[in-house]
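Peer 1: As given, the protein sequences belong to chains S and L, one line each in that order. Going by our numbering, the first residue of the first sequence is number 8, and it counts up by one from there. Going by our numbering, the first residue of the second sequence is number 7, and it counts up by one from there. Every residue, glycine too, gets a C-beta built ideally from N, C-alpha and C. Nothing here was measured: the structure is a model prediction, and the numbers come from that model.
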Amino acid sequence: MSERASVRKEDEQTETDEEQAPVTTGAQSVVRALENAGAEYIFGVQGGAIMPVYDALYDSDITHVTMAHEQGASHAADAYGIVSGEPGVCFATSGPGATNLVTGIADANMDSDPMIALTGQVPTEFVGNDAFQETDTVGITQPVTKESYFASHSDTVGDDVSEAFALADAGRQGPTLVDLPKDITQGETDVEPKAPETPDTYEVPEEADDEAVQEAAEVLSDAERPVILAGGGVIKANASNALREFATEYEIPVITTMPGIGSFPEDHELSLEWAGMHGTGYANLAITNTDCMLAIGTRFDDRLTGGVDSFAPDADVIHVDIDPAEISKNIYADHPLIGDARQVLRQLFDAMPRAPDADEWREQCQTWKAEYPMSYDTPDDEPLKPQYVVEHFSDVTDDDTIVCTGVGQHQMWASQFWEFTEPRTWVSSHGLGTMGYGVPAAIGAKLAAPDQEVVCFDGDGSFLMTVQGLSVAVREQLDITYVVLNNEAVGMVRQWQDGFYEGRRMASEYPWIPQFDKLAEAFGAAGFRLEDYENVEETIAAARDYDGPSVIDAHIDPGENVFPMVPSGGDNGLFALNEDHLDEI
Amino acid sequence: MPGPAPHDRMRPEGRRNSQGIRVDPEAEATHEPRQAVLSALVKHRPGVLAEVSGLFSRRQFNIESLTVGPTSDDSIARMTILIEEPRPGIEQAKKQLQKLVPVVSVMELEPEALRRELALIKVGGEKPDDVNAVAEMYDGQAVDASTDSVTVEITGSKQKIDAAVEAFEQFDVQEIVRTGAAALERGPKTLEKHD
C-alpha cells in the first residue's frame, strides 16, 4: 500500500476506535474495508443488486460520485488511479451494470492502472439460473483483471475487498474485482474486515539480483550508442526522479514509450521524447540504431516496437520489470533485471563502473532532432491546425497541468505537441485504445488532483461516445476544459483508409455530429466554438477562466493527418513524414 | 521535406527473429516446438480450473492435455499440463501461470519424469477371451463385461495407450475415454509449495 493510504488508514483507525459503530452486515463490512484501505472516492451507478452496499455507504465519509454510465465509472476510477497512484474504486450493479464496467476494467488491465471494481450480483440461490440481471461477472472479467473474487460469505466479504484492494496496488498495479451477491451483502455479520493484505501466493520482487545488475551495468558502460527506454512502469514505481538522476549522471539519451510520457522531462537536452507508431522521428531512429537499450517498465507493445525483427536490431537489451512474465515476452532480454524500477535504478546507479563513452552518439541524436523536427504547416489561409491548438494550450499552462485524451488522431497530436515535464500528468488509454475514455477520465483526474489544471483533448467521434459524462462534470462543478478537435470524422480510421485502403472512406466520416458548444450549454457547461487562428488565444483563455466544465468545439482542418507514422508492423527507422513516404516503405 | 528519406537513413545491419531474439542477419533461427510437462500446485477452490484453462486458451498456448486432482493437502490441488511450444513459449506459459493468484508454484518436469495416463476402452462382447488376451499384453485388465460389451482399463505412457487403442480396434471399439497425463518427478525431488 502506498504511503499516503497507510497514513490515512492510521488516522481513520483512531476515529474507528472512537466513533465507528461495529459492522452488522456484509455490506457494512465492504464499506469498512474500503475505508480502511484509504478510499476517498467511489465512482458508480446504483442498481438492484448493489443496493445494500449503497445503503451502507449512506453512513460513510467516502464520497460517492454518481456517473452517467458505468463505463464512465470505470474510466474515472482508472484515471483517479493513474493520477493519485492509488487504486480508484468503481461500483456497478449486476448484469448490465457489471458488463458496462468491463471496458474500463480491460483498459486498466492493459495499462497496469490500479483499480478495484465492486459489482452487485443476484442472490446466491439464483446464481446460475439466468435470474433477472444476472451475468457471470467473474467469468467475464477474469481475463482482464489481476484477480476476480466471488464473495461467498457475509463474514469474509470484507476480507475479499481488503485483499482485492491491496492486490490492485501491489507489485505491477492493475484492476481487481469483487462480485457481491445480494444475500451476502444483506447478510448479518459482526466480523470486521482484516487489514488490506495481498494473498499469500502473491510475491512481489523488490531488488534485482546484484550479480545481474553488475553485469548489466558493465554492458551499459561499454555501450557506444546507449539509450534508456522508459515505460509507464517508471511512473507507476514513482521512479521518475531516480530516472532523471541516472540519465543525467551517465548522460544517456532517454526515450519514453507513450504511457511513459512524463517520466522524463521533454524539454531536457537528453530527451528524445517518445517512440513508436506516431513517436518522434529522432526517437525512432535512436531506437533503431542503439547498441544497448536499458528498457524500464515497458512491455514492448507492438505500437512501440513495430515489427520485432527490425526493433533495436543491434542492441543488447537490459530489461527492468517487476513482472517476470514481461521478460522476453515480445523482445528477448539479454539482461533481465526483475524488481521495482526505483530500487533497480538505484542499484544500477551504484553499479555503473563509468559513464558510456558516447559523445558522438549524443551528437548524432541532436542531429536527428534538427533533421526531423516535430512540425506542421500553418499558412494563414489554411483551416485551423489541431497541432497549433495543442501547442498554444501547452505554452500557456503550468508544468503540472494534467492532460487527458480520448483515442484517435487528437490523442496523438496531444502527445506530440504538448510538452510534458512531470509524471502523472498524462492520462490516456494506451493498450486498449478506448474511444470515449476522455470525458470520464478527466473527471477522475480532476478529483484526484483538485489543485491542478485539467484539460481533456478529445475527438468528435470519441467525445460523442461518453458525452453524457458532461452531466457529472457539471453537477460536481469540476473545472475541466474539454477541447474537441473536431474534424467530422473518426480521423484515424479515415487516415488509414486513405493510406492503406485506397481512400475508401467506409463509415469513418461524421458530418452529422452535433454542435458541441451548444451541446455543452444544454448540459449546463460553458460552450465555445473555435474556427480561426486569431481566436485561439482568447477562446482558450475564456474557457480556462470559466469556473466549471467548459467545452471548446474546435473545427480543425479535416485534411490534417498524424505524422510521423510507422505503419503497423513496420520498421521504426523507416517512419513516414508524409503520405509520399508511405508509398515508399 | 526535412531529413533524409526513409531508405537513406542510418541503420544497422542486425535483425531479430519473430521471437524478438537478436540473430545473425543471414541466419533464420527458429525454435522448434517441443513437448513440456508443467506441474502446478494451485489453491483448491471453485473456478481455478477455468482460470488456468482460460489463461492457456486466450494466450494461444498449444495445450495437449490438462489433468487436475487433489493432493495430500485439502486446500491444494495439483495440475499436470502438457503443452507443445517452442522454448520461449514454454517459458512464457510458466511465467503467466505463476502470475495467477491461485497458483502456488509451477515447475517444468524433467523429460524422464514419470508420466501415466489411464484409458477405459469399451469394445464389442463377441470375443471376450481375445479381448482379455490383448489387455494382458498391455498390462491392462477387463473391468466390466456384459453380453454385448467388454470394458478394459489400461494405464501407462501415452505411447503405450496409443498402441493399445490401435490393438483394440480389431474388436469393434464402441467408446474410449482417456485422462491425459498425470506426472511426477523421479527420485526424492518434489514441487514445494513455495519455491
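1) Measuring CB to CB, does N116 of chain S end up less than 8 Å from V145 of chain S?
2) Any residues in the segment 147 to 167 of chain S with a beta carbon nearer than 8 Å to a beta carbon of chain L? Which ones, in chain order?
3) Between the segment 359 to 388 of chain S and chain L, which residues of the former have CB atoms less than 9 Å from a CB of the latter, in chain order?
4) Listed from N- to C-terminal order along the chain, which residues in the segment 315 to 338 of chain S have their beta-carbon within a distance smaller than 9 Å of any beta-carbon of chain L?
5) With 8 Å as the threshold, decide whether the Cβ of T106 of chain S is near any Cβ in chain L.
6) Over the uninterrupted beta strand (DSSP E) stretch that includes P343 of chain S, give me the two end residues.
7) Can you find a CB in chain L that lies within less than 8 Å of the CB of I592 of chain S?
8) So, at 7 Å on beta carbons, what are the nonlocal neighbours of S270 of chain S in its own chain, with the 5 sequence-adjacent residues on each side left out?
9) Have a look at L:S152, L:S81, L:M143 and flag the residue whose alpha-carbon is nearest the alpha-carbon of A169 of chain L.
10) May I ask you to verify whether the segment 72 to 81 of chain S touches the segment 457 to 464 of chain S, counting CB pairs closer than 8 Å and requiring at least 3?
11) Pairs of beta-carbons, one from the segment 527 to 538 of chain S and one from the segment 374 to 381 of chain S, closer than 8 Å: are there three or more?
12) Check whether the segment 104 to 123 of chain S and the segment 435 to 444 of chain S touch, using three or more Cβ-Cβ pairs below 8 Å as the test.
13) Which residues mark the beginning and the end of the beta strand (DSSP E) in which W281 of chain S is found?
14) By the DSSP assignment, the beta strand (DSSP E) with Y395 of chain S in it spans what residues?
15) Is it true that the CB of P260 of chain S sits closer than 8 Å to the CB of C372 of chain S?
16) Can you give me, in chain order, the residues of the segment 253 to 287 of chain S that have a beta carbon less than 9 Å from any beta carbon in chain L?
17) Flag this pair as yes or no: are the beta carbons of G193 of chain L and N337 of chain S separated by less than 8 Å?
18) Is the Cβ-Cβ distance between A532 of chain S and L477 of chain S less than 8 Å?
19) At 4 residues or longer, what runs of the alpha helix (DSSP H) sit wholly inside the segment 64 to 126 of chain S?
20) Excluding sequence positions up to five away, which residues of its chain have a Cβ less than 7 Å from the Cβ of F582 of chain S?
21) Excluding the five sequence neighbours on either side, which residues of its own chain have a C-beta within less than 7 Å of the C-beta of D578 of chain S, listed in chain order?
22) According to DSSP, simplified to helix, strand and coil, what is I182 of chain L?
23) Whose C-beta lies closer than 7 Å to the C-beta of G643 of chain S among residues of the same chain, with five residues either side of it excluded?
24) Rounded to whole angstroms, what is the Cα-Cα separation between A496 of chain S and P393 of chain S?
25) If F3 of chain L sits next to V129 of chain L, beta carbons under 8 Å apart, how far is it from one beta carbon to the other, in whole angstroms?
26) Given 8 Å as the limit, is there contact between the segment 42 to 51 of chain L and the segment 328 to 348 of chain S, that is, 3 or more CB pairs closer than that?
27) Cutting at 6 Å between CB atoms, please list the residues of its own chain near F400 of chain S, excluding the five before and the five after it.
28) Could you tell me whether the Cβ atoms of T126 of chain S and L187 of chain S are closer together than 8 Å?
29) Note down, in chain order, each residue of its chain lying with its Cβ closer than 8 Å to the Cβ of D143 of chain S, except the 5 sequence neighbours on either side.
30) How would you write the range of the alpha helix (DSSP H) that A56 of chain L sits in, first residue to last?
31) Quick one: which residues of the segment 154 to 177 of chain L get their C-beta closer than 9 Å to a C-beta of chain S? List them in chain order.
32) Does the pairing of the segment 208 to 216 of chain S with the segment 279 to 286 of chain S give three or more beta-carbon distances under 8 Å?
33) Nearest by alpha-carbon distance to T73 of chain L: which of L:D80, L:S81, L:V54, L:D79 is it?
34) In the DSSP output, what is W433 of chain S paired with across the bridge?
35) Of the residues S:E256, S:D207, S:M284, S:V410, which one's Cα is nearest the Cα of R5 of chain S?
36) Since I believe S119 of chain S is in contact with G181 of chain S (beta carbons under 8 Å), could you give me their beta-carbon distance rounded to a whole number of angstroms?
Peer 2: From the atom records:
1) no
2) Q149, P150, K153, E154, F157
3) Q371, W375, A377, E378, Y379, P380, S382
4) V315, D316, S317, F318, A319, P320, D321, A322, D323, V324, D330, P331, A332, E333, I334, S335, K336, N337, I338
5) no
6) 342 to 345
7) yes
8) A237, V241, I242, S247, L250, T263, P430
9) L:M143
10) no
11) no
12) yes
13) 278 to 281
14) No beta strand (DSSP E) holds Y395 of chain S; the alpha helix (DSSP H) holding it covers 393 to 403.
15) yes
16) none
17) no
18) yes
19) 77 to 91, 103 to 117
20) G288, N291, P571, M572, V573
21) G313, G314, S317
22) strand
23) Shown here, chain S extends from 8 to 592; a query on residue 643 of chain S therefore has no answer.
24) 14 Å
25) Shown here, chain L extends from 7 to 201; a query on residue 3 of chain L therefore has no answer.
26) no
27) I547
28) yes
29) none
30) 54 to 64
31) none
32) no
33) L:V54
34) S:V410
35) The requested residue 5 of chain S does not occur in the structure, where chain S is confined to residues 8 to 592.
36) 5 Å
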